[in-house]
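Student: Following my numbering, the residues of the sequence shown are numbered contiguously, the last one being 393.
Just so you know, even glycine gets a beta-carbon here, dropped at the ideal spot from N, CA and C.
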Amino acid sequence: MTRKIAILGATGSIGKSTLDLVERNPDAFEVTAVTAATNVEALADIVRRTGAKLAVVADEARYSQLAELLVGTTCRVAAGEDALLEAAAGEAELVIAAIVGCAGLKPVMAAVDSGKTVALANKEALVTAGALMTDAAASSGATILPVDSEHNAIFQCLAGNRGDDVSRIILTASGGPFRVASAEIIGAATPAQAVAHPNWSMGAKISVDSATMMNKGLELIEAHYLFKLPSQRIDILVHPQSVVHSMVEFVDGSVLAQLGTADMRIPIAYALAWPERIATPAQRLDLATIARLDFEAPDLERFPALRLAREALEAGGAAPIVLNAANEGAVASFLAGHIRFPDIVRLVQEALSSAAYDAPHSIGDVLEIDRVTRDRTKAMMTASCP
Ligand SMILES: NC(=O)c1ccc[n+]([C@@H]2O[C@H](COP(=O)([O-])OP(=O)(O)OC[C@H]3O[C@@H](n4cnc5c(N)ncnc54)[C@H](OP(=O)(O)O)[C@@H]3O)[C@@H](O)[C@H]2O)c1
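The structure is reproduced here in structure tokens:
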């Protein structure tokens with residue numbers, strides 16, 4: 008049976024890996040809608056390759072350029088936020104949520120509210136609105152399938168087991184490009200060094216998050232909402248080879264792990280075909296060549312983002328939104344060359360320690376806290392990083 012899918016963030020790293028799998032399985036999937044922020048050339052190319060019926064560019068100023076590029080196709084072209092929501096809530100039964108950042112929140116919620124199966128890569132949506140989203144999924148009947156390799160690994164390990172039998176989950180972390188770097192080297196890191204991940208090829212924002220290890224902090228919060236476990240039952244373990252993608256420990260002492268090469272097409276394929284599996288061209292795991300797997304406790308002194316994220320999760324309320332918004336603003340400024348690498352986590356810490364917001368009751372509340380925090384972070388940057 009052909010599955011109708013919408014790909015939100017089709018031009019990004021996850022979007023491209025998804026398209027690769029879809030094109031290898033032309034009978035299994037029909038792409039109904041694709042979206043991008045600004046990259047209309049790549050989006051038009053995707054439409055021509057997949058025959059998508061709806062192409063949405065978030066930036067309304069790019070509408071006519073996209074329309075021009077798609078003259079002669081039957082694809083409907085649209086732009087702006089309402090069109091993004093339409094792509095998420097339209098005819099697709101499976102929505103690949105691969106927009107980066109809190110910008111993906113409303114489209115993800117539109118898909119969840121429409122009762123879709125959502126293959127969720129956009130971790131920031133769950134970090135900022137986890138309770139609202141899981142409640143919405145419970146009432147609409149939506150299914151959220153984790154695409155993040157760690158959460159996908161845990162999801163696979165949980166299959167066939169009772170949630171009550173889980174004692175803890177263990178998120179593995181590569182440690183990023185600065186795992187063994189001194190505090191001095193980390194302090195002087197450039198954007199080029201920060202995005203050079205040793206194992207994974209990813210978009211710029213998540214690559215910087217991996218370098219600060221904020222990515223693992225966001226994943227801790229994501230895991231809390233996906234698997235309904237408190238912070239104390241979610242451990243983080245550095246595993247530089249990125250072979251064990253995460254583990255589940257059960258009450259009898261058994262530990263199940265999911266292993267594989269570092270290729271996002273493996274977890275994406277699992278979400279695309281769930282509850283079945285499809286073949287992927289990912290390189291097979293050769294453990295004899297890898298020969299050893301190392302594990303170590305994370306260093307919270309050199310990577311304080313992990314501590315901040317755990318504190319934000321345990322504080323609850325608006326804290327994860329503040330953590331995420333300050334981080335997104337700071338990472339964008341670092342990538343633009345406006346602040347130094349250590350300023351990212353310092354700004355997040357300052358934003359958290361000076362924040363006083365009520366817990367959000369709606370997506371509107373989440374977006375307002377996000378907006379105010381970004382403005383405050385910008386002001387803090389101007390004051391401290393002229
Ligand atoms: N990459 C990975 O291996 C990986 C692994 C696990 C989880 N994730 C998560 O997956 C998500 C996507 O990551 P990525 O690495 O694929 O990011 P990416 O390569 O930067 O791609 C982001 C996608 O989102 C679109 N986009 C950006 N800003 C937008 C906005 N304001 N409105 C609408 N669309 C917007 C981009 O369009 P343009 O191309 O037009 O800018 C692009 O299609 C992130 O949440 C990340 O944490 C990624």
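Mind reading off the beta-carbon distance from Leu300 to Val251? Whole number of angstroms is fine, and I expect it under 8 Å.
Tutor: Contact flag correct, Cβ pair sits at about 6 Å.
Student: Given a cut-off of 8 Å on the beta-carbon distance, is the pair Val119 and Val125 in contact?
Tutor: In contact: Val119 and Val125 (Cβ atoms closer than 8 Å).
Student: Rounding to the nearest angstrom, what Cα-Cα distance links Asp350 and Arg31 in this structure?
Tutor: Rounded to whole angstroms, Asp350 to Arg31 spans 43 Å at the Cα level.
Student: Note down the Cα distance separating Thr9 from Lys23, rounded to an integer number of angstroms.
Tutor: Taking the straight line from one Cα to the other gives about 20 Å.
Student: So, helix, strand or coil for Glu67, using DSSP?
Tutor: It is helical.
Student: Is any non-hydrogen atom of ligand 1 found closer than 7 Å to the C-beta of Val154, if you look at the structure I gave you?
Tutor: True, at least one ligand heavy atom lies under 7 Å from that Cβ.
Student: Buried or exposed: where does His368 fall if 16 or more other Cβ atoms within 10 Å of its Cβ makes it buried?
Tutor: His368 is exposed by the Cβ-count criterion.
Student: If you measure from the CB of Ser20, is any heavy atom of ligand 1 nearer than 7 Å?
Tutor: Yes, the beta carbon of Ser20 sits closer than 7 Å to at least one heavy atom of ligand 1.
Student: Could you check what DSSP says for Lys11 in three-state terms: helix, strand or coil?
Tutor: DSSP places Lys11 in strand when its eight states are reduced to three.
Student: Tell me the residue span of the alpha helix (DSSP H) that contains Phe341.
Tutor: 326 to 342 is the span of the alpha helix (DSSP H), which, as asked, contains Phe341.
Student: Looking only at C-alpha atoms, which of Val245, Ala62, Glu48 sits nearest to Val38?
Tutor: Answer by Cα proximity: Ala62.
Student: Could you check if Gly5 belongs to the surroundings of ligand 1, using beta carbon to heavy atom distance under 7 Å?
Tutor: Missing from the structure shown is residue 5; the chain here goes from 8 to 393 and no further.
Student: Return the Cβ separation of Met271 and Ser156 in integer angstroms, given the expectation that the two are a contact with Cβ distance under 8 Å.
Tutor: Their Cβ separation, rounded to whole angstroms, is 7 Å, which keeps Met271 and Ser156 in contact under 8 Å.
Student: Looking at the strands, I want to know which residues DSSP matches up with Glu256.
Tutor: For Glu256, which the question treats as bridged, DSSP gives the partners Arg175, Val262.
Student: Short of 8 Å in beta carbon distance, which residues of its chain neighbour Gln356, apart from the five on each side in sequence? Order them along the chain.
Tutor: Correct list, in chain order: Pro311, Leu315.
Student: So, for Leu101: in the same chain, excluding its five sequence neighbours on each side, which residues have a beta-carbon less than 6 Å away from its beta-carbon?
Tutor: Closer than 6 Å at Cβ, skipping near neighbours: Arg10, Ile12, Thr124.
Student: What residue from Leu28, Met209, Gly19 has the CA that sits closest to Ala278's CA?
Tutor: Checked all of Leu28, Met209, Gly19; the closest Cα to Ala278 is Leu28.
Student: According to DSSP, Thr124 sits in a beta bridge with which residue or residues?
Tutor: Leu101, Thr150, per the DSSP bridge assignment.
Student: Any heavy atom of ligand 1 inside 7 Å of the beta-carbon of Ile192?
Tutor: Checking the Cβ of Ile192 against ligand 1 gives no.
Student: Compute every distance between the C-beta of Gly16 and the non-hydrogen atoms of ligand 1, then say whether any falls below 7 Å.
Tutor: Yes, the beta carbon of Gly16 sits closer than 7 Å to at least one heavy atom of ligand 1.
Student: Could you pull out every unbroken alpha helix (DSSP H) segment of at least 4 residues lying fully inside the stretch 221 to 258, listed in chain order?
Tutor: Counting whole runs of 4 or more residues, the stretch 221 to 258 contains the alpha helix (DSSP H) stretches 221 to 234.
Student: Would you tell me roughly how many angstroms separate the C-alpha atoms of Gly87 and Pro153, rounded to the nearest one?
Tutor: Rounded to the nearest angstrom, the two C-alpha atoms are 26 Å apart.
Student: Within this structure, are the beta carbons of Thr380 and Ala333 separated by less than 8 Å?
Tutor: Taking 8 Å as the Cβ cut-off, Thr380 and Ala333 qualify as a contacting pair.
Student: Any idea which residues DSSP pairs Glu303 with across the strands?
Tutor: Glu303 pairs with Val245.
Student: Is there contact here, the stretch 57 to 77 with the stretch 38 to 47, by at least three beta-carbon pairs under 8 Å?
Tutor: In short, these stretches touch, since the Cβ pair count reaches three.
Student: Measuring only from the beta carbon, is Glu131 closer than 7 Å to any heavy atom that is part of ligand 1?
Tutor: Yes, since a heavy atom of ligand 1 falls inside the 7 Å radius drawn around the Cβ of Glu131.
Student: What three-state label does DSSP hand Val107 in the structure shown?
Tutor: Three-state DSSP puts Val107 in coil, outside helix and strand.
Student: For the 8 Å Cβ check, are there 3 or more pairs between the stretch 289 to 306 and the stretch 77 to 95?
Tutor: Verdict: no, contact absent.
Student: Pick out whichever of Asp216, Val107, Val329 has its Cα sitting closest to the Cα of Phe341.
Tutor: Of the candidates Asp216, Val107, Val329, the one whose C-alpha sits nearest the C-alpha of Phe341 is Asp216.
Student: What first and last residue would you give for the alpha helix (DSSP H) that runs through Val215?
Tutor: Here the alpha helix (DSSP H) through Val215 covers 211 to 219.
Student: Rank Ala104, Leu178, Asn159 by C-alpha distance to the C-alpha of Trp281 and give the top, closest one.
Tutor: The option with the nearest alpha carbon to Trp281 is Asn159.
Student: Can you check which of these residues, Arg378, Asp372, Ile161, Asp242, is closest to Leu266 by C-alpha distance?
Tutor: Taking only the C-alpha atoms, the option nearest Leu266 is Ile161.
Student: Any idea what DSSP makes of Thr380, helix, strand or coil?
Tutor: In this structure, Thr380 counts as helix in the three-state DSSP scheme.
Student: Write down the C-beta distance between Ala105 and Ile21 rounded to the nearest angstrom, noting that I regard them as a contact closer than 8 Å.
Tutor: Contact holds; Cβ gap of about 4 Å.
Student: Which residues in the same chain have their Cβ closer than 8 Å to the Cβ of Arg83, if we skip the five residues on either side of it in sequence?
Tutor: Around Arg83: Lys60, Leu61, Ala62.
Student: How is the beta strand (DSSP E) around Phe36 delimited, first residue to last?
Tutor: Segment 36 to 43, the beta strand (DSSP E) holding Phe36.
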